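Numbering (the working numbering), first residue to last: 371 to 638.
This is the structure in structure tokens:
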């Protein structure tokens, strides 16, 4: 059976007055729920200024966790997660319409990255520039691609990936949750192995701490709570210019499964 341990941490940083990031998760309470639903981890980084980014990120996390909790048996994560992101998008879009411009809600939006795990696979779905990484056998690899102007310029060949890391365009999102009535999420499925660590983080971490430094901290800090604290500390030592959030999930054991006509079955 799938066994996990996890740690999550969010911090205001040293410059911002309040925290617009939000993290959340759903943990199955029984073996039956483990097989029918699995685990969900979610991280959102609110945008829009004032306290509305905080409202957007909380609405998004609440919507996806509540939706995941109610899923019927047998629903595939790969089709579910984009629907949950659309639910979060609708919740924020409706709140913007309800509050209107008078309260500054017209720019309310958030990034959102989800990771659902069941059996021997993880499904990652995201919008914006909050990321998911895989740390396996001492190596850190990104599983998501940022939805920002710098990343688009890299795709077009206008700038290099190295230049994108310091480009002002990396702060300009091309996709966010809550800005339009509908949002398109990027979704992938990856096989997981015992010992893998999946990391969700906001740009308060990856925007200021290089991937090489993140990899070193994960490699040298096996305890997940200590590792999460070390990563947040590293972001603050780099200036603490933004809110910073991180969720670390270690895979302790997996249940190998196959699929027959869309239904999972246990491999001997």
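All C-beta atoms, glycine included, are put in the ideal place defined by N, C-alpha and C.
All figures in this text were calculated on a predicted structure; none of them were measured in a lab.
So residue i is in the alpha helix (DSSP H); what residue range does that whole segment cover?
i	result
residue 427	422 to 439
residue 447	447 to 469
residue 583	581 to 590
residue 556	Segment 556 to 561 is the beta strand (DSSP E) holding residue 556; no alpha helix (DSSP H) there.
residue 574	573 to 576
For residue i, is the classification buried or exposed, using 16 other Cβ atoms within 10 angstroms of its Cβ as the cut-off for buried?
i	result
residue 518	buried
residue 559	exposed
residue 525	exposed
residue 618	buried
residue 631	Low per-residue confidence applies at residue 631: pLDDT is 47, beneath 50, and the placement is therefore not dependable enough to give any value.
residue 514	buried
residue 371	exposed
residue 478	buried
residue 422	buried
residue 470	exposed
Look up residue i in the DSSP assignment and say whether it is helix, strand or coil.
i	result
residue 546	coil
residue 400	coil
residue 518	strand
residue 599	helix
residue 395	strand
residue 498	coil
residue 624	coil
residue 488	strand
residue 479	strand
residue 594	helix
residue 443	coil
residue 386	coil
What's the gap between the Cα of residue i and the Cα of residue j?
i	j	result
residue 611	residue 572	12 Å
residue 614	residue 601	9 Å
residue 579	residue 587	11 Å
residue 575	residue 583	11 Å
residue 410	residue 446	13 Å
residue 563	residue 549	37 Å
residue 420	residue 554	The predicted position of residue 420 is uncertain, since its pLDDT is 49 and thus under 50; no value can be drawn from it.
residue 503	residue 480	19 Å
residue 386	residue 392	15 Å
residue 497	residue 375	25 Å
residue 500	residue 403	28 Å
residue 466	residue 400	38 Å
residue 427	residue 408	23 Å
residue 491	residue 463	32 Å
residue 434	residue 493	14 Å
residue 616	residue 569	7 Å
residue 639	residue 450	Within the shown structure, residues of the chain are numbered from 371 to 638, placing residue 639 beyond reach of any answer.
residue 495	residue 483	6 Å
residue 455	residue 468	20 Å
residue 382	residue 624	35 Å
residue 437	residue 416	20 Å
Whose C-beta lies closer than 8 Å to the C-beta of residue i among residues of the same chain, with five residues either side of it excluded?
i	result
residue 384	606, 609, 610 and 611
Near residue i, which residues of its chain fall below 7 Å by C-beta distance, leaving aside the five closest residues on each side in sequence?
i	result
residue 443	406
residue 594	375, 376, 377, 618 and 620
residue 561	490 and 491
residue 622	373, 374, 375 and 564
Tell me which residue opens and which closes the beta strand (DSSP E) that residue i is part of.
i	result
residue 410	409 to 417
residue 381	373 to 381
residue 510	509 to 512
From the beta carbon of residue i, is the nearest beta carbon of chain B less than 8 Å away?
i	result
residue 503	The structure shown contains no chain B, having only a single protein chain.
For residue i, which residues from the same chain have a beta carbon less than 6 Å from its beta carbon, with the 5 sequence-adjacent residues on both sides left out?
i	result
residue 585	510
residue 505	567 and 588
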